[in-house]
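To start, the structure itself, in structure tokens.
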């Protein structure tokens, strides 16, 4: 099975995937050293499902090779781990083996080694653009995000500027009030001095919007892949090194961290000339859903040809039946069954 190899008529487009195997004994040992006597459940960013893997990355990677064949290199960021994808690539896309590269945290954290090891996805995302030889234009994938239909270069970049997937929201004042009230209640009424609010997806974006200068609204992103520009990240880093340094000090995902992807989006919007599209994504969170939940979501993806992206969260805590349904369908559309 082969995809059309990328052409080089404009700025190359790379892909970046972040991945961790939370069952790896070395990873567990590293994390345990920082948890010590702390109750893991008291740290929202340390919950086990955040680090679990059921080999979603295999389908994430192969979906890029099939449905975005113009992508030049695919960089997989890990903490001294190997997702063991060589045989799958060799079997289905042998001509692309040299285009898949494993990147260790040490490379992107060069100069910030004191923050390692890190277990915070927001810390990693904040400086993932520091990969050596990464193209100025790249697409970022979480390992639980997949392409399910063909995409073209122009779906991601128009005139070498990223196409932003999302929509404008008013400032989340109610979320701000609720979070502050909950912190006050837990710390001063319940006297739980160790309480940490969950790192809210929306609040992380709102924090990013404020850094970019927005005061009454924010551009809300969804659980999709993201077209990003290294130059935008690098320029912000060079002029705001302290802000970056402060965002990567947390060992676990923390409510004080802003969403760096959202920041890049807001900076692009400030610069102007940006295309905005509705996020054509199907979002699955199958845990504790009704029996037909996964079947209905798959049927939606099949019937709606506008849906190009799929995000499946917390698959590790779902039933084996649901896991098998999702992977079997992905194997069908990726033409992996032989």
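Numbering (the numbering used here), first residue to last: 1408 to 1745.
Idealized CB from N, CA, C, for every residue including glycine.
| Item | Value |
| --- | --- |
| Given residue 1418 as reference, the closest of 1658, 1654, 1561 once Cα atoms are compared | 1561 |
| CA nearest to the CA of residue 1671, picked from 1689, 1637, 1645, 1494 | 1637 |
| Beta-bridge partners of residue 1564, as assigned by DSSP | 1569 |
| Secondary structure of residue 1685, DSSP reduced to three states | coil |
| Helix, strand or coil at residue 1434 [DSSP, three-state] | helix |
| Candidates 1486, 1680, 1485: closest to residue 1570 by CA position | 1680 |
| Residue 1667: first and last residue of the uninterrupted beta strand (DSSP E) it sits in | Where residue 1667 is concerned, there is no enclosing beta strand (DSSP E), although the alpha helix (DSSP H) it sits in stretches over 1667-1678. |
| Three-state secondary structure assigned by DSSP to residue 1708 | helix |
| Cβ neighbour criterion (16 or more within 10 Å) applied to residue 1518 | exposed |
| Expected contact under 8 Å - CB spacing of residue 1550 and residue 1467 to nearest Å | 5 Å |
| Bounding residues of the alpha helix (DSSP H) (the contiguous stretch that carries residue 1636) | No alpha helix (DSSP H) contains residue 1636, which is instead part of the beta strand (DSSP E) from 1633-1636. |
| 8 Å Cβ cutoff, residue 1497 in contact with chain B | No chain B appears in this structure, which consists of one protein chain only. |
| Closest Cα partner of residue 1522 within the set 1710, 1434, 1652, 1695 | 1652 |
| Residues of its chain near residue 1709, where Cβ-Cβ distance is below 6 Å and the 5 sequence neighbours each way are ignored | none |
| Exposure of residue 1625, with buried meaning 16 or more beta-carbon neighbours within 10 Å | buried |
| Element boundaries [alpha helix (DSSP H), containing residue 1650] | 1648-1654 |
| 8 Å Cβ shell around residue 1532 - same chain, five flanking residues per side excluded | 1425, 1547, 1666, 1667, 1668 |
| Inter-residue Cα distance where the pair is residue 1737 and residue 1715 | 13 Å |
| Rounded separation between residue 1464 and residue 1486 - CA only | 15 Å |
| Residue nearest to residue 1718 in terms of C-alpha spacing, selected from 1536, 1734, 1682 | 1734 |
| Assigned exposure category for residue 1411 - 16 Cβ within 10 Å defines buried | Residue placement at residue 1411 cannot be trusted, given a pLDDT of 45 that sits under 50; what the coordinates show is reported in the next sentence. Looking at its Cβ environment, which holds fewer than 16 other Cβ atoms inside 10 Å, residue 1411 is exposed. |
| Alpha-carbon spacing of residue 1503 relative to residue 1432, whole angstroms | 30 Å |
| Supposed close pair residue 1640, residue 1536 - CB separation, criterion 8 Å | 4 Å |
| For residue 1718, three-class secondary structure by DSSP | strand |
| The segment 1619-1634 touching the segment 1576-1593, judged by at least three CB pairs closer than 8 Å | yes |
| Separation of residue 1514 from residue 1642, as counted between CA atoms | 19 Å |
| Straight-line gap, residue 1442 to residue 1711 (C-alpha atoms, nearest Å) | 44 Å |
| Coil, strand or helix - residue 1475 by DSSP | coil |
| Buried/exposed call for residue 1423, threshold 16 Cβ in 10 Å | buried |
| Spatial distance of residue 1477 from residue 1545 (CA atoms) | 11 Å |
| Whole-angstrom distance between residue 1583 and residue 1472, CA atom to CA atom | 41 Å |
| Residue 1426 in three-state terms, based on DSSP | coil |
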